[in-house]
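Working notes for the structure below.
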Amino acid sequence: MRILSLHNYYQFRGGEDVSRDLEADMLRKRGHVVFSHLINNAQITQRLPLSVGFRAMWSAADYLAVRKLIREQGIELVKIDNFFPLLSPSVHKAAWREGVPVVQLIRNYRLVCPVGSFIREGKICQLCSTKLFPLPSLVHGCYRSSRIQTAAVVGILTAHKLLHTWSKTVTAYVAVSEFVKRILVDNRFPADRVFVKPDFVPDTEPGDGEGDYALYVGRLSPEKGLSTLLAAWRRIQPRLPLKIVGDGPLRPEVQQAADTIPDIQYLGPRPIHDVLALMGKAKVLLFTSICYETFGRTIVEAFAKGLPVITTRLGNMDTLVEEYRTGLKYEPGNPEDLLAKIEWMRGHPQQWEQMRTACREAYLANYTEEKNYTMLMKIFEHALATHRASARQGRAYARPALAPRPVWGDSTKANVEK
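Per the working numbering: the sequence shown = residues 15 to 432.
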């Protein structure tokens with residue numbers, strides 16, 4: 015199969031970026047030809063805010079580039095991961111114009127929430143959910159604490175809803191959890207076009223957990239619950255070493271905590287092989303998010319190493335972790351409850367050791383590359399069959415002539431690789 019993979023990388027590399035790259039490699043290893051049209055949010059710092067807003071609404075450069083790639087490379091299917099903000103929904107329309115099915119991966123809530131995370135002022139907020147015009151986000155200035163920037167995002171979402179961009183161009187949506195599918199269906203996305211396929215983690219040897227330390231791995235940002243974690247470690251008794259891995263806007267606060275709290279060690283961002291080695295020796299992974307994580311990739315990485323997890327009772331984390339089998343759960347934002355779960359772990363060493371085996375079993379049963387490939391190919395085959403059926407019924411999309419490049423188009427070239 016000849017596939018075009020489209021993705022807008024984040025400024026701080028995260029789970030969405032990692033999952034996209036692993037899927038592309040997985041497909042190539044199995045004989046598929048995968049072309050990638052990629053762009054990075056690092057370019058935003060080089061642009062005026064107004065130009066970024068216009069590009070988020072419609073990127074003429076990427077529209078033309080994607081159409082050209084589809085034609086020149088004989089693309090059969092377009093797989094879109096993150097398209098916000100620089101790729102824009104223009105890439106969906108480009109595939110639609112070329113008569114190629116689109117499979118949209120859903121690893122954030124951008125299609126139904128201007129912020130993309132359902133977080134406002136550190137708390138879960140779904141005031142905009144199910145609304146055509148997400149007015150509450152505009153009132154509160156949710157996107158980057160700016161009403162002007164929020165207005166731009168709201169305008170983009172509303173415009174493309176009114177233009178039926180998603181319903182016209184997307185053949186299949188891939189939600190990375192049942193929780194995400196429920197969110198989409200609640201927001202009037204067609205249930206028969208939403209498929210569930212979790213992300214996968216490459217296999218690795220399980221660890222022994224002999225390091226006797228707790229581990230946090232993830233983006234250092236408010237929605238990840240770092241304030242709860244640091245508050246707990248200021249009062250934990252008896253003491254337990256905590257290693258923190260990651261990068262993000264809260265890096266200064268984490269570094270300060272590491273400088274003032276003896277048991278905290280900040281290791282900065284680390285490559286995946288270092289992270290897995292740390293997981294292999296850790297006693298527990300702390301996944302402290304206070305937002306609706308779409309998946310929880312770090313949890314599955316821990317399962318692959320046989321590492322139990324203490325996480326919050328929110329979103330997909332509540333489903334991923336089976337209490338007293340693969341870990342424990344606490345109330346989000348509650349450091350006392352987090353400390354109580356750590357105390358239980360320390361008081362039940364035999365049960366905790368048994369959880370290591372259960373974690374590894376959960377990984378092998380649900381999150382290996384082979385299982386993931388089988389699920390993804392079924393979705394691709396369904397998308398292709400649905401598209402062919404539409405063509406037979408006369409609903410195929412025409413291929414109009416490629417328009418000349420407009421003089422006002424953005425000339426920045428994305429990274430195109432085979």
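The beta-carbon is built from N, C-alpha and C at its ideal position, and this holds for glycine as well.
Asked, Found
"So, are the CB atoms of glutamine 190 and phenylalanine 317 less than 9 Å apart?", "The identity of residue 190 in the sequence shown is valine, whereas the question assumes glutamine. The answer is no: Cβ separation not under 9 Å."
"Taking C-alpha atoms, which residue in Gly29, Glu224, Val199 lies nearest to threonine 144?", "Val199"
"Spell out a yes or no on whether the segment 102 to 122 and the segment 84 to 94 are touching, meaning 3 or more CB-CB pairs, one atom from each, closer than 8 Å.", "yes"
"From leucine 281 to valine 259, what distance separates their C-alpha atoms?", "5 Å"
"Buried or exposed: where does proline 148 fall if 16 or more other Cβ atoms within 10 Å of its Cβ makes it buried?", "buried"
"Distance, Cα to Cα, serine 241 vs alanine 354?", "17 Å"
"Please state whether DSSP places glutamine 57 in a helix, a strand or coil.", "helix"
"Can you find the residues in the same chain that come closer than 7 Å, C-beta to C-beta, to serine 235, ignoring five residues on each side of it along the sequence?", "Gly262, Pro263, Leu264"
"Looking at the structure shown, is histidine 46 part of a helix, part of a strand, or coil, going by DSSP?", "coil"
"Looking at valine 102: is its Cβ nearer than 9 Å to the Cβ of serine 131?", "Checking the displayed sequence, the identity of residue 102 turns out to be serine instead of valine. No, Cβ-Cβ distance for serine 102 and serine 131 is not below 9 Å."
"Is it right to say histidine 401 is buried, meaning 16 or more other beta carbons lie within 10 angstroms of its own, or is it exposed?", "buried"
"Would you grab the beta carbon distance between leucine 119 and valine 167 for me? Rounded to a whole angstrom, and I think it's under 8 Å.", "Rounded, the Cβ-Cβ distance is 20 Å, inconsistent with contact."
"Quick check on alanine 75: does DSSP put it in helix, strand or coil?", "helix"
"9 Å is my cut-off, CB to CB: does glycine 310 come that close to chain C?", "The chain labelled as chain C is not found in the depicted structure, where only one protein chain is given."
"Terminal residues of the continuous beta strand (DSSP E) containing isoleucine 120?", "116 to 120"
"Using 10 angstroms around the beta-carbon of leucine 177, count the other beta-carbons present and answer buried if the total reaches 16, otherwise exposed.", "exposed"
"Assuming the contact rule is C-beta atoms closer than 8 Å, threonine 325 and phenylalanine 301 should be a hit. Round their C-beta distance to whole Å, please.", "4 Å"
"Does asparagine 380 come out as helix, strand or coil in the three-state DSSP assignment?", "helix"
"Who are the Cβ neighbours of alanine 410 in its own chain at under 7 Å, not counting the five residues just before and after it?", "Low confidence applies here, because alanine 410 scores a pLDDT of 47, under 50, leaving its location unreliable and the question unanswered by this model."
"May I have the straight-line CA-CA distance separating arginine 158 from threonine 164, to the nearest angstrom?", "7 Å"
"Using 9 Å as the threshold, is the C-beta distance between glutamine 279 and lysine 257 below it?", "yes"
"The beta strand (DSSP E) that contains serine 104, what's its start and end?", "Here serine 104 belongs to no beta strand (DSSP E); instead the alpha helix (DSSP H) covers 104 to 111."
"Nearer than 8 Å: is that true of the beta carbon of isoleucine 304 relative to any heavy atom of the ligand GTP?", "With respect to small molecules bound, the structure shown includes none, and the ligand GTP cannot be examined in it."
"Please name the residue or residues paired with glutamate 337 in a DSSP beta bridge.", "Gly341"
"Can you check DSSP and say which residues form a bridge with threonine 325?", "Phe301, Lys343"
"What is the rounded straight-line gap between the Cα of threonine 218 and the Cα of arginine 339?", "21 Å"
"Leaving out five residues on either side along the sequence, give the residues of the same chain with a beta carbon under 8 Å from the beta carbon of glycine 169.", "Met71"
"Please report the Cβ distance between isoleucine 313 and valine 298, rounded to the nearest whole angstrom; I am assuming they are in contact, meaning their Cβ atoms lie under 8 Å.", "That belief does not hold up - the Cβ atoms of isoleucine 313 and valine 298 are roughly 12 Å apart, past 8 Å."
"Per DSSP, phenylalanine 209 is paired with what?", "Val188"
"Anyone know if the C-beta pair for histidine 46 and leucine 20 falls short of 9 Å?", "no"
"What residue from Ala186, Val80, Lys195 has the CA that sits closest to glutamate 395's CA?", "Ala186"
"Let me confirm a value: glutamate 357 is counted as buried when at least 16 other C-beta atoms fall within 10 Å, else exposed. Which label applies?", "exposed"
"Does DSSP classify arginine 134 as helix, strand or coil?", "strand"
"Please report the residue range of the alpha helix (DSSP H) in which histidine 178 lies.", "First-last for histidine 178: undefined, no H or E at that position."
"Whose C-beta lies closer than 7 Å to the C-beta of arginine 161 among residues of the same chain, with five residues either side of it excluded?", "Leu152, Gly155"
"With distance defined between alpha-carbon atoms, name the residue in Asn55, Arg370, Asn386, Leu352 nearest to glycine 223.", "Arg370"
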